[in-house]
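Worksheet: one structure, shown below.
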C-alpha cells in the first residue's frame, strides 16, 4: 500500500523537508516495487483504482490493524460501526439462499460438524453448546449403568469399545393381520485387543431401537479369542457354517487384512492385523460374520496344541533366541 509503506513520522518529514532527495528516492523505490508487483496481476484501469483506494488509507490505521493479527477489527464504510471480519456481516454480505429455504427464514442455517471424515460410524452433528451430550445409544449413561450391573464390566471400558453395525435391514412379519414391518440389526463390538462380541437386535419401533438392542447384546456376549503374537490367528481355519464355507489362513507380520469386507470389520474389532482367506458358496453377511466369530472362538490355544503333540510351547511357536 502506498501510504501504508510510509510511517507517520516519515510522511511528516517528507512534507516539511522536501529537499531531502535521498529519503524520497528510497521511499519512491518501495512504491515503484509495489506498483511493478501489482501490474503483473491487474490492468492499468484497475491499478489506477487501487492507487486511489490505497492513498485514502491512513497508515496508522493500517499499522494498528496489522498488529492485532487475525482478531483485527476494521471500520466498514460508510458507517462508523466496528465489525469483526472473522464473522459474516449481515449488512454488507449478500444472503445465501438455499433451494429448500422457506420465506422469512434465516439465510444462515446451522452448519453441521463432522467428528471424523474417514469414519462412517461417526455421525454429522450440530454444535452442542449448553446441551447435555449423549453418552450412549439410549441417550444417557443409564445404558452403560444397566450393563455394568448386569455384566460387572467397567463403564469406561464399555464406552471405549469399537462398535460397528454389520447388517441393518427392514423385514416384514406375516401375521393374520397382514404384514407388520420390523427392523433387524447385527452389530460387532471389540476392544481391539482380543475381546469380541456379536449381538442381534430386533424392533418394531425403528432402526435406532434395533441398533441399541444389538449393541446391548454384543457387549453382553463379549468373549476372548486366541491370537498368535497378538496379530493373527493360530494356524489355518477351514470351517462350515450353514451354507457358508470359510477358509482362513494366518499371515506374516505386515501382511494386512486381505479378507471379505464383513470379516474385515470383525478383525478390526478383535485386534487381528494380519489375515488372508476366502469365503466359498454362500456369502450372506449375517452367516459369514456369525461363522467367522464362531470359528475364532473354537480355535485351540497354543498350550493345548503343545500338550496334544507332546512338544514344548517354544518349539510350537518356532521362536528361538540366541544365548
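In the working numbering, the protein residues as written are 4 to 326.
C-beta atoms are modelled at their ideal positions from N, C-alpha and C, and glycine is treated no differently.
Since this is a predicted model, take the numbers as computed values, not measurements.
Where does residue i fall in DSSP's three states?
{"i": "residue 193", "result": "strand"}
{"i": "residue 156", "result": "coil"}
{"i": "residue 46", "result": "coil"}
{"i": "residue 287", "result": "coil"}
{"i": "residue 282", "result": "strand"}
{"i": "residue 230", "result": "coil"}
{"i": "residue 35", "result": "helix"}
{"i": "residue 177", "result": "strand"}
{"i": "residue 256", "result": "coil"}
{"i": "residue 53", "result": "helix"}
{"i": "residue 137", "result": "For residue 137, the pLDDT reaches just 41, beneath the cut-off of 50, and the residue's location in the model is therefore unreliable, leaving the point undetermined."}
{"i": "residue 304", "result": "coil"}
{"i": "residue 70", "result": "helix"}
{"i": "residue 183", "result": "strand"}
{"i": "residue 207", "result": "coil"}
Using DSSP's beta-bridge definition, name the partner residues of residue i.
{"i": "residue 241", "result": "250"}
{"i": "residue 201", "result": "191"}
{"i": "residue 170", "result": "189"}
{"i": "residue 163", "result": "Bridge partners of residue 163: none, in fact."}
Does the separation of the CB atoms of residue i and residue j fall below 7 angstroms?
{"i": "residue 222", "j": "residue 161", "result": "yes"}
{"i": "residue 190", "j": "residue 217", "result": "yes"}
{"i": "residue 309", "j": "residue 240", "result": "no"}
{"i": "residue 193", "j": "residue 254", "result": "no"}
{"i": "residue 187", "j": "residue 163", "result": "no"}
{"i": "residue 280", "j": "residue 251", "result": "yes"}
{"i": "residue 229", "j": "residue 304", "result": "yes"}
{"i": "residue 247", "j": "residue 285", "result": "yes"}
Can you tell me which of the options puts its alpha carbon nearest to the alpha carbon of residue i?
{"i": "residue 237", "options": "301, 183, 187", "result": "301"}
{"i": "residue 245", "options": "293, 307, 279", "result": "293"}
{"i": "residue 34", "options": "255, 52, 57", "result": "57"}
{"i": "residue 242", "options": "296, 51, 68", "result": "296"}
{"i": "residue 198", "options": "290, 264, 224", "result": "224"}
{"i": "residue 258", "options": "148, 277, 155", "result": "277"}
{"i": "residue 288", "options": "30, 264, 39", "result": "264"}
With residue i and residue j assumed to form a contact (beta carbons below 8 angstroms), what rounded beta-carbon distance in angstroms separates them?
{"i": "residue 184", "j": "residue 167", "result": "Not confirmed; about 25 angstroms, so no contact."}
{"i": "residue 41", "j": "residue 50", "result": "6 angstroms"}
What I want to know is whether the C-beta of residue i ends up closer than 6 angstroms to one or more non-hydrogen atoms of the ligand ZN.
{"i": "residue 185", "result": "Here there are no bound small molecules, and the ligand ZN is not part of this structure."}
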